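Residue numbers (mature numbering (1 follows the signal peptide of the UniProt record, and there is no 0)): -18 to -1, 1 to 756.
Inspection log for the structure reproduced underneath, given as structure tokens.
Here is the structure:
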């Protein structure tokens, strides 16, 4: 008996012992830390922020940048990177250029100047970076390549740098442009980041000493925390100059916390910049909710300080650019990572993260599987830190079980005994252990509650000195719409909003052939909208008014809705797409250029959802005056063609998206016809997709709605990630598992959706009934 007890004790000692990690500066320091930042633009990602009223706008800015007046406050960002507007669509909209043409310049367009100044107010030491994602058409000389004439492109960017200084007293710290042109313009102090893409420039730098000397920073996008040996050999600074790009829920926070540490641990990158800074654009545009925080309702004043803000604070509030990483950094034995930094004046900051694989996946690149488990760790402080006796402790826990997170909480100080301290680490946690005493979890009163865009809204654009070039809430998607004062009109049209781009910009995005600016609520169905328009171009000119537009951003070219067109050649038409290919009505209008016309468009849903009658034995479906037996009604809904040619989103099988996706072989189709809520990832990622798995996906969406009374996915990003949270915590794991299994990207053909239904729905409906869900 004693022998077994001894073995048990020995086993516990071996299994429960802590892993040891040394923090030591005697062996030298690592690379210099350059800071953590956010990216406004690429494109138009801060568009709605400027339209917030005070005090909410200042509160939002404080959570992002504030240092002055408080030791710290929120994210306390070290770097702000902004888009140099180029008049072109660059992801979520267009940002205006300071030079629409080569003969003019206006350094007050857009909002990036304002944002940089607001950041500087709150942190005078913040570093500023400019990068173009698009260029005005004249830079490309009629092509879609802006580098045929590199001097023209470089001088265009130089003019932006000069405008920042002369008109806004802003000093740009980093840019991507030719070194010799920068030097000749007197900007030898500005560093060059190249090539803001992949690592390939590193190999060229090793072959070209002049190129290597000219570049201060190798900037890459979405490196997956890894670098390449050629980049290390250049001995240049290595930055993840665009990263994250993930929905800002807890998984997004886990992604951000992991890469903030591991970009250095694995890749020796000394700066990480989040795309984007703040999700301040309409949610249903591309990558909705991908910022460090969310501010997409200026009309209500509502904003949300999301968890990524506090993941940022774990590093930014206790370090500064100019600190140095120690060489003693690395991965933890049972998963996770740690970094240690010093100011070389005795201060020490250690940041630990234990993010698990499934709770820290970024949207890109794919994350190889790894495991993380609870662990005991002991840190031994050596060298300059051996004398420390106590350290501040800041703690966060992303709790995916209880959904009750702990975010950036100051805990009791850590006592250091004989140069060591021990921590018990759980999964999905972040710790900051530091000598810095100025950490603060900033707090403001709760902002107003969320509410949708007002159903009644009007704007006559009458403003003498507009603070910004764009009218409130309008988000340009192709072209640029600016306030315009018409000095020749003494009547009601002296103040207008004018589309000013006449030459197609140089951009990588698939913008529309027609200029478009959006405003309002994506979910509106029955509505009436009116606008006074004037066509400036004779014969070939035109204007349109649209409602129920279903997409914008980089997908604006495929936008569907109801588009009412008026042309200068005296005609009109109504289409259900921005390309004008599907014509619903057309005729003569007698319209011409140079005359003001009032366009009014009223839209009503032609088909309502079916409703259940008489204990579910009968269904009333669109197009049938009398209820039908349930089985017959469902078959008709699955097989029938659209009831009306004027229906914008074709409805099939009780309007939950199980559309007729079958081609001749019964499995693949080129076209998804269904409600966007039920759009599967295959539609977004592949030109052709499997029809049957698409219908299985749509079935899962329907089942989720039945259980939770809300939709599982709200935007393209959530659909692509296929991440679902169940609002009804009482629902059984068996039933939730049934729903979750529909959210897979199927790699094989499923022969019959009924096989899926027959196996799982009996259990599902029994469970639903037991929880009071009809």
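Positions of the beta carbon are idealized from the N, C-alpha and C atoms, including for glycine.
In this text, all values refer to a predicted model and were calculated from it rather than measured experimentally.
By the Cβ-count criterion, residue 219 is buried, with 16 or more other Cβ atoms from all chains shown falling within 10 Å of its own Cβ.
Looking from the CA of residue 224, the closest CA among 215, 111, 536, 451 belongs to 111.
A residue is called buried once 16 or more other Cβ atoms fall within 10 Å of its Cβ, and residue 279 is buried on that count.
If the five residues before and after residue 1 are omitted, its C-beta is found closer than 6 Å to the C-beta atoms of 315, 359, all from its own chain and listed in chain order. In the DSSP assignment, residue 186 falls within the unbroken alpha helix (DSSP H) covering 183 to 189. Counting only residues of its own chain and dropping the five nearest sequence neighbours on each side, residue 434 has a CB closer than 6 Å to the CB of 503. Pairwise C-beta distances place the segment 448 to 461 in contact with the segment 492 to 509, as three or more of them are shorter than 8 Å. DSSP lists 17, 221 as the beta-bridge partner residues of residue 253.
Counting along the chain, residue 554 sits inside the beta strand (DSSP E) bounded by residues 553 to 559.
The beta carbon of residue 127 is closer than 8 Å to those of 488 in its chain, skipping five residues each way along the sequence.
Within the segment 289 to 346, the complete alpha helix (DSSP H) segments at least 4 residues long are 289 to 298, listed from N- to C-terminus. Between residue 419 and residue 296, the CB-CB gap reaches or exceeds 9 Å. Scanning its chain for C-beta atoms nearer than 8 Å, with the 5 sequence neighbours on each side dropped, one finds around residue 208 the residues 248, 249, in chain order. Straight-line spacing of the CA atoms in residue 162 and residue 328 works out to 40 Å. Note: residue 173 is bridge-paired with 156 in the DSSP secondary-structure output.
Distance from the Cα of residue 482 is smallest, within the candidate group 349, 44, 80, 33, for 80. Contact holds between the segment 538 to 545 and the segment 554 to 563, because three or more Cβ pairs, one in each stretch, are under 8 Å apart. Rounded to the nearest whole angstrom, the CA to CA distance from residue 89 to residue 146 is 8 Å. Between the segment 55 to 66 and the segment 287 to 295, the count of Cβ pairs shorter than 8 Å is three or higher; the stretches touch. Its chain contains 234, 237, 272, 344, 345 as the residues whose beta carbon lies nearer than 7 Å to that of residue 228, once the 5 sequence neighbours on both sides are disregarded; these appear in chain order. Of the candidates 266, 251, 246, 270, 270 places its Cα closest to the Cα of residue 257. With contact defined as three or more Cβ pairs closer than 8 Å, the segment 17 to 32 and the segment 382 to 389 are not in contact. Every beta strand (DSSP E) stretch that sits fully inside the segment 40 to 72 and reaches 3 residues is listed by chain position as 61 to 66. Partner residues in a beta bridge of residue 450, as assigned by DSSP, do not exist. When C-alpha distances from residue 41 are compared across 480, 562, 286, the shortest belongs to 286. Distance check between residue 260 and each of 78, 185, 19 places 19 closest, using alpha-carbon atoms only. Under the three-state reduction of DSSP, residue 578 is assigned to strand. DSSP places residue 397 in the uninterrupted beta strand (DSSP E) bounded by 388 to 397. In the structure shown, residue 77 adopts coil according to DSSP, grouped into three states. Non-local beta-carbon contacts of residue 347 in its own chain, meaning distances under 7 Å to residues more than five positions away in sequence, involve 204, 206 in chain order. A Cβ-Cβ separation of about 15 Å leaves residue 66 out of contact with residue 120 under the 8 Å criterion. With a 10 Å radius around the Cβ and a threshold of 16 neighbouring Cβ atoms, residue 164 comes out buried.
For residue 215, same chain residues with a beta-carbon under 7 Å away, outside a window of 5 residues either side, are 188 in chain order.
Contact between residue 252 and residue 13 holds, with the beta-carbon distance rounding to 5 Å and staying under 8 Å. Residue 69 holds the alpha-carbon nearest to the alpha-carbon of residue 490 among 696, 311, 69, 170.
Here residue 418 carries a coil assignment [DSSP, helix/strand/coil].
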